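Q: Count the sequence shown with the numbering used here and you get residues -3 to 274, in order.
Cβ atoms here follow ideal geometry from the backbone N, Cα and C, with glycine treated the same way.
Bear in mind the structure is a predicted one, so any value in this text is a computation, not a measurement.
Have a look at this one.
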Amino acid sequence: MKDTVPTSEIPKDHSVSLVSLAMLKVNSDLQGRDYIEYLRPFVKHVLVGMRGDPITDASVRDKIEQEFALRIPTQVIHYVLKRFRKSGYFVQEDGIYRLEKNIKDGDLGPRKAQASREIGSVVSAFAEYAEITCGVKLSPDECTTALLAFVSQFSVQCVRTYVSGTALPELPEASARNQFFVHSFVKTASEKDSDLFEHIMVIVKGYMLSNALLCPDLESTQKTFKHLKVFLDTPLILDLLGLHGETDRTTRAQCSCKMRRPFFSRPMAAPGGQPVQL
-3 MKDTVPTSEI PKDHSVSLVS LAMLKVNSDL QGRDYIEYLR PFVKHVLVGM RGDPITDASV
57 RDKIEQEFAL RIPTQVIHYV LKRFRKSGYF VQEDGIYRLE KNIKDGDLGP RKAQASREIG
117 SVVSAFAEYA EITCGVKLSP DECTTALLAF VSQFSVQCVR TYVSGTALPE LPEASARNQF
177 FVHSFVKTAS EKDSDLFEHI MVIVKGYMLS NALLCPDLES TQKTFKHLKV FLDTPLILDL
237 LGLHGETDRT TRAQCSCKMR RPFFSRPMAA PGGQPVQL
């Protein structure tokens, strides 16, 4: 059994991909909006080198893949470029877009350098752990591949451990060899080295953020859900009425209210079409 990494997310250089995932996390923290904004610095960076060239969704997508080893869906690139067009950065000539304004690269370089240092420390720590604790010497590429494979499968469990302080689930020894080593490494870091675990979590969160790139533009969410109807099944209604205890009622009520805001202006309906007031 071999460790596998989703090719839709990690197309080429695994070490570059790790750094790029960390940069996604940093961009998300700094931009503080939707995924279009935390992807914007990557697009802006490649546009700087495309002055005079035709700007297409595919050309920008390919540039990002070449430089950052991230394969971004073409439709997502389209959404980002659409925002740039609204800001007046492009001029259209015969159906082809070209840069109208000069775009400054921003501070992506320093962010990349910082992310490289942090990811390098994680890879080095894992290589050392594998050699000393597991008796196996792994190359840097083997380390990055194993880390990415682990993150792709256990990102949710890592976040649960990070937020709630719960232990990572045990892996059977029959699991893929390198994946088993990474699991042991991450588990040890979560228990004994908070700084190292923080760096690992940057990769984990970056990977989870990259999954959001498969979503449509979140600015259209209000329109998309305008006519959505939600029907509650009987067990949930009984919980909302408090018939299964106050704890269940409170939890379900909070969840239902979050579902209702900001998309719903009408009461949600129970089976049979009767409205439920929350």
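(1) Return the Cβ separation of residue 68 and residue 42 in integer angstroms, given the expectation that the two are a contact with Cβ distance under 8 Å.
(2) Short check: CB of residue 11 to CB of residue 141, under 7 Å?
(3) With a threshold of 7 Å on Cβ separation, who are the neighbours of residue 92 within its own chain once the five nearest residues in sequence on each side are excluded?
(4) Helix or strand or just coil, what does DSSP make of residue 57?
(5) When we look at the beta-carbon of residue 62 and count the other beta-carbons within 10 Å, is it buried (16 or more) or exposed?
(6) Where residue 66 and residue 16 are concerned, what is the direct C-alpha to C-alpha distance, given to the nearest angstrom?
(7) Going by Cα to Cα distance, which pick from 181, 145 and 246 is closest to residue 124?
(8) Please work out which residues of its chain come closer than 6 Å, Cβ to Cβ, to residue 202, disregarding the five sequence neighbours upstream and downstream, and give them in chain order.
(9) Note down, one range per segment and in chain order, each alpha helix (DSSP H) of at least 4 residues found wholly within the region 168 to 195.
(10) Under 6 Å Cβ to Cβ from residue 122, same chain only, skipping five residues before and after it: list those, please.
(11) Find out if the Cβ-Cβ distance for the pair residue 87, residue 36 is shorter than 7 Å.
(12) Put residue 98 into one of helix, strand or coil per three-state DSSP.
(13) I need the boundaries of the alpha helix (DSSP H) containing residue 86, first residue and last residue.
(14) When DSSP labels each residue in this structure, what does residue 92 get in the three-state scheme?
(15) Here's the rule: buried if 16 or more other CB atoms are within 10 angstroms of the residue's CB, otherwise exposed. What is residue 53?
(16) My output table needs one value for residue 68: the three-state DSSP class, helix, strand or coil.
(17) Which same chain residues, not among the five before or five after residue 238, have their C-beta less than 6 Å away from its C-beta?
(18) Is the separation between the beta-carbon of residue 199 and that of residue 147 shorter than 7 Å?
(19) Express the C-alpha separation of residue 107 and residue 145 in angstroms, rounding to a whole number.
(20) State the DSSP-derived secondary structure class of residue 141, mapped to helix, strand or coil.
(21) Considering only the beta carbon of each residue, do residue 205 and residue 178 sit closer than 7 Å?
(22) For residue 122, list the residues DSSP reports as bridge partners.
(23) Take residue 168 and list the residues in its own chain whose beta-carbon comes closer than 6 Å to its own, dropping the five residues that flank it on each side.
(24) Output yes or no for whether 7 Å exceeds the beta carbon distance between residue 70 and residue 81.
(25) What separation, rounded to the nearest whole angstrom, lies between the Cα atoms of residue 84 and residue 132?
(26) Check whether the Cβ atoms of residue 176 and residue 185 sit closer than 7 Å, and answer yes or no.
A: Reading from the atomic positions:
(1) On the sequence shown, residue 68 is found 72 positions in, with the first residue counted as 1. On the sequence shown, residue 42 is found 46 positions in, with the first residue counted as 1. The Cβ separation is near 11 Å, so there is no contact.
(2) For the purposes of this step, residue 11 is taken as the residue at position 15 of the sequence shown. For the purposes of this step, residue 141 is taken as the residue at position 145 of the sequence shown. Not a contact, by the Cβ cut-off of 7 Å.
(3) Locating residue 92 in the sequence shown gives position 96, where the first residue counts as 1. Only 50 meet the Cβ criterion.
(4) If you number the sequence shown from 1, residue 57 lands on position 61. Helix.
(5) Sequence index remark: in the sequence shown, residue 62 carries index 66 (1-based). With fewer than 16 Cβ atoms within 10 Å of its Cβ, residue 62 is classed as exposed.
(6) For the purposes of this step, residue 66 is taken as the residue at position 70 of the sequence shown. For the purposes of this step, residue 16 is taken as the residue at position 20 of the sequence shown. Between residue 66 and residue 16, the C-alpha separation is close to 7 Å.
(7) The residue labelled residue 124 in the question sits at position 128 within the sequence shown. It is 181 whose Cα lies nearest to the Cα of residue 124.
(8) The sequence position of residue 202 within the sequence shown is 206, counting from 1. Cβ within range, chain order: 17, 18, 20 and 21.
(9) 173 to 188
(10) The sequence position of residue 122 within the sequence shown is 126, counting from 1. Only 139 and 181 meet the Cβ criterion.
(11) Residue 87 sits at position 91 when you count from the first residue of the sequence shown. Residue 36 sits at position 40 when you count from the first residue of the sequence shown. Cβ distance not < 7 Å, so residue 87 and residue 36 don't count as in contact.
(12) If you number the sequence shown from 1, residue 98 lands on position 102. DSSP places residue 98 in coil when its eight states are reduced to three.
(13) Within the sequence shown, residue 86 is the residue found at index 90, counting from 1. Unbroken run through residue 86 is the beta strand (DSSP E), 86 to 89; no alpha helix (DSSP H).
(14) The residue labelled residue 92 in the question sits at position 96 within the sequence shown. Reduced to three states, the DSSP call for residue 92 is strand.
(15) Taking the first residue of the sequence shown as position 1, residue 53 is located at position 57. Burial call: buried.
(16) Within the sequence shown, the letter at position 72 stands for residue 68. It is coil, neither helix nor strand.
(17) For this step, residue 238 is matched to residue 242 along the sequence shown. Here the set comprises 245.
(18) Translated into positions along the sequence shown, residue 199 becomes position 203. Translated into positions along the sequence shown, residue 147 becomes position 151. Yes, Cβ-Cβ distance for residue 199 and residue 147 is below 7 Å.
(19) The sequence position of residue 145 within the sequence shown is 149, counting from 1. The sequence position of residue 107 within the sequence shown is 111, counting from 1. Spanning the two alpha carbons is a distance of roughly 24 Å.
(20) Your numbering for residue 141 matches position 145 in the sequence shown. Of the three classes helix, strand and coil, the one that applies to residue 141 here is helix, per DSSP.
(21) Your numbering for residue 205 matches position 209 in the sequence shown. Your numbering for residue 178 matches position 182 in the sequence shown. Not in contact: residue 205 and residue 178 (Cβ atoms no closer than 7 Å).
(22) Position 126 of the sequence shown, counted from the first residue, corresponds to residue 122. Beta-bridge pairing links residue 122 to no other residue.
(23) Position 172 of the sequence shown holds residue 168. Residue confidence is low: residue 168 scores 48 on pLDDT, short of 50, so the model does not pin down where it sits. Its coordinate-derived value is still stated next. Same-chain partners within the cutoff: there are none.
(24) As a position in the sequence shown, residue 70 is number 74, starting the count at 1. As a position in the sequence shown, residue 81 is number 85, starting the count at 1. Not a contact, by the Cβ cut-off of 7 Å.
(25) As a working mapping, residue 84 is identified with position 88 in the sequence shown. As a working mapping, residue 132 is identified with position 136 in the sequence shown. Distance between the alpha carbons of residue 84 and residue 132 is about 55 Å.
(26) Here residue 176 refers to the residue found at position 180 when the sequence shown is read from its first residue. Here residue 185 refers to the residue found at position 189 when the sequence shown is read from its first residue. No, the pair does not count as a contact, with Cβ atoms beyond the cut-off.
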